[in-house]
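In UniProt numbering, the protein residues as written are 1 to 638.
What follows is a set of notes on a single structure, which appears directly below.
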């Protein structure tokens with residue numbers, strides 16, 4: 001079933017054309033990505049599809065009553081409610097159904113006052129409403145809320161916390177969580193991985209893979225797109241083109257399409273040239289004039305192919321160094337940091353960095369990755385430990401918050417003021433390499449988009465020619481093409497790189513060492529992001545195996561102890577039975593002895609010597625037997 005279809009959709013802002021003749025189709029359970037440069041119209045298209053912006057021409061077809069959930073880039077949940085109460089708001093309809101069931105249950109308790117037919121009808125109503133309540137998720141909505149909050153990294157939060165006390169990033173995550181709980185038929189997500197750490201992104205990938213509806217995503221996270229989508233629409237030069245496959249397939253197919261289109265164009269150009277030459281040679285000759293005129297008509301009817309345009313203009317830059325550093329670039333030993341009157345942000349961090357290494361710092365939000373970078377730069381003083389910068393090390397820093405830019409300056413002056421002895425022409429050339437051309441360089445910094453500010457910061461970093469680059473989320477705000485240019489520049493860089501990033505694709509391209517930060521230390525993995533995840537999975541499996549072995553050992557020990565206890569119990573019961581037997585035998589023997597001694601006291605017995613001797617021997621034997629039995633009884637009792 002088709003959920004939405006766009007036919008020849010166009011949109012302009014004044015004289016500036018944004019989208020032209022866009023064609024797009026969404027079916028049930030589709031997983032679609034929309035990709036393109038910053039400013040190509042991706043977010044505009046999403047707003048139109050979510051009925052939040054009008055369009056100029058074209059048609060949109062969708063079923064009546066289609067439920068659409070839309071997450072904007074800057075979604076933020078503003079509410080006076082607690083985290084839990086805000087999420088529960090999604091299930092108000094279930095709470096109303098639950099209240100109806102409670103009312104019916106109260107009526108059922110008063111069955112005595114109802115007739116048989118009324119009671120039967122009440123049971124039918126209750127059964128019907130209970131089934132509807134169950135089918136709508138009435139018995140699992142609380143579990144769904146907890147699962148989403150845990151996935152979005154709120155498992156350690158008190159759910160009674162008011163939302164207005166949370167940070168902007170936390171509010172954005174809750175906005176996403178509330179949207180996921182609503183489960184609309186069409187989920188439209190504009191940069192959903194903003195403010196998510198790597199573990200949370202992995203959870204979202206899995207969630208969207210099994211989502212019971214269609215999903216449309218705009219994202220610059222290539223790793224995320226590879227994991228979640230199976231259809232890619234590219235928006236380029238105002239038009240759309242469809243590719244069936246994930247992001248990596250789209251890249252390959254786009255390159256193949258360009259090569260094929262170029263071959264077809266060049267082939268046609270050769271044919272046109274040959275036909276034009278034939279016409280020119282033969283049009284004036286009587287014997288060949290008709291053939292030449294026929295070729296001219298054929299050429300006039302030919303549908304001319306446009307030269308394939310290939311990729312749009314990209315940034316073009318590289319990072320050079322003033323001079324090489326020593327081999328030991330950085331040594332961090334047992335470093336800790338905490339703000340005054342607060343818990344430690346991190347502790348026991350040890351890291352030794354050699355020249356030429358590319359180190360990615362990863363870990364959950366709040367573990368202190370950016371704090372560690374600022375400590376390396378000397379902007380923050382650690383509470384414990386040592387940081388030692390190596391010989392000839394020159395540090396260049398990229399700040400994800402863009403705090404090093406002067407908002408009131410023009411783009412040209414932002415760079416030129418740092419290098420006043422450089423010719424204006426050369427400064428403009430550098431800025432041109434970062435896509436600031438013509439009048440763009442006269443814009444004020446505060447008027448720039450996030451992507452433009454990122455490119456301006458990178459231009460300043462390039463001019464420093466530092467041999468140690470410290471980068472804090474350098475791919476934030478960059479479109480995919482700019483990310484690829486940055487990756488190429490960093491891969492060719494001859495110095496050392498330490499960077500923080502949640503972009504797993506970027507980490508795979510750049511890092512040869514991954515350092516996972518925890519609050520109580522750091523673990524080093526010698527490889528890229530995929531190697532790191534493999535090792536982490538191995539560690540999890542080894543831990544499970546150890547726990548399984550410990551469980552088996554515990555079970556074996558318990559079984560052995562059980563068998564030993566049963567054996568002891570059997571032996572104890574046997575001992576108790578023997579003690580009872582001995583006591584009965586001793587009592588019997590003592591009775592026999594008493595009777596014998598009484599008989600020996602009779603005159604007719606003690607006067608009969610032989611009879612007396614016989615009975616005395618019997619009495620002696622009985623006493624000996626009783627003594628032996630008593631010894632065994634005493635031993636068993638002990």
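Glycine included, C-beta positions come from ideal geometry on N, C-alpha and C.
Cβ pair residue i, residue j closer than 9 Å
i           : j           : result
residue 195 : residue 365 : yes
residue 186 : residue 207 : no
residue 469 : residue 456 : no
residue 334 : residue 376 : no
residue 521 : residue 411 : no
residue 6   : residue 41  : no
residue 361 : residue 332 : no
residue 50  : residue 68  : yes
residue 322 : residue 466 : yes
residue 23  : residue 242 : yes
residue 151 : residue 177 : yes
residue 307 : residue 258 : no
residue 231 : residue 46  : no
residue 496 : residue 356 : yes
residue 596 : residue 618 : yes
residue 218 : residue 76  : no
residue 499 : residue 395 : no
residue 476 : residue 454 : yes
residue 638 : residue 578 : no
residue 228 : residue 504 : no
residue 222 : residue 309 : no
residue 404 : residue 430 : no
For residue i, the nearest candidate out of the options (CA to CA)
i           : options            : result
residue 304 : 270, 316, 285      : 270
residue 406 : 393, 437, 448, 92  : 448
residue 38  : 226, 89, 314       : 314
residue 391 : 539, 357, 326, 532 : 326
residue 122 : 134, 603, 101, 192 : 101
residue 57  : 619, 49, 167, 11   : 11
residue 700 : 492, 506, 467      : Residue 700 is absent from the model: the chain starts at 1 and stops at 638.
residue 518 : 226, 369, 548, 538 : 369
residue 471 : 308, 487, 352      : 487
residue 464 : 446, 603, 499, 416 : 416
residue 479 : 635, 202, 235      : 235
residue 330 : 378, 292, 617      : 378
residue 341 : 503, 383, 233      : 383
residue 589 : 604, 562, 629, 560 : 629
residue 8   : 55, 435, 261       : 55
residue 248 : 268, 225, 262, 239 : 225
residue 492 : 403, 164, 318, 280 : 318
residue 592 : 615, 579, 607      : 615
residue 174 : 146, 184, 608      : 146
residue 328 : 299, 568, 336, 393 : 393
residue 88  : 35, 34, 66, 148    : 148
residue 535 : 516, 548, 546      : 516
residue 316 : 274, 436, 423, 220 : 436
9 Å Cβ cutoff, residue i in contact with chain D
i          : result
residue 96 : Looking at the structure shown, chain D is missing, and only one protein chain is on hand.
Beta-bridge pairing of residue i - partner residues as DSSP gives them
i           : result
residue 186 : 68, 214
residue 332 : 351, 387
residue 31  : 215
residue 234 : 35, 241
residue 521 : 518
residue 513 : 359
residue 224 : Bridge partners of residue 224: none, in fact.
residue 121 : Residue 121 pairs with nothing; no bridge assigned.
residue 5   : 25, 61
residue 19  : 11
residue 337 : 346
residue 444 : 410
Integer Cβ distance of residue i from residue j, believed to fall under 8 Å
i           : j           : result
residue 73  : residue 191 : 5 Å
residue 525 : residue 544 : Residue 525 to residue 544, Cβ: 20 Å. No contact.
residue 80  : residue 162 : 7 Å
residue 2   : residue 25  : 6 Å
residue 137 : residue 98  : With 8 Å as the limit, residue 137 and residue 98 do not qualify as a contact, their Cβ atoms being about 11 Å apart.
Please specify which runs of the alpha helix (DSSP H), each continuous and at least 4 residues long, are wholly inside the segment 465 to 510, giving them in chain order. 480 to 491, 504 to 510
Every unbroken beta strand (DSSP E) inside the UniProt region "Disordered" (550 to 576) [3 residues or more]: none
Please list the segments of the beta strand (DSSP E) lying wholly inside the segment 350 to 400, counting only runs of 3 or more residues, in order along the chain. The beta strand (DSSP E) runs lying completely inside the segment 350 to 400 and spanning 3 residues or more are 358 to 362, 384 to 389, 395 to 398, given in chain order.
As an exercise, report each continuous beta strand (DSSP E) stretch of at least 3 residues that is fully enclosed by the segment 143 to 201, in chain order. 186 to 190
Contained alpha helix (DSSP H) runs [length at least 4] in the segment 255 to 329, N- to C-terminal order: 289 to 301
Going residue by residue through the segment 49 to 116, where are the continuous beta strand (DSSP E) segments of at least 3 residues, counting only ones entirely within it? 57 to 61, 68 to 71
Whole runs of the alpha helix (DSSP H) within the segment 408 to 441, excluding any shorter than 4 residues: 411 to 416, 424 to 433
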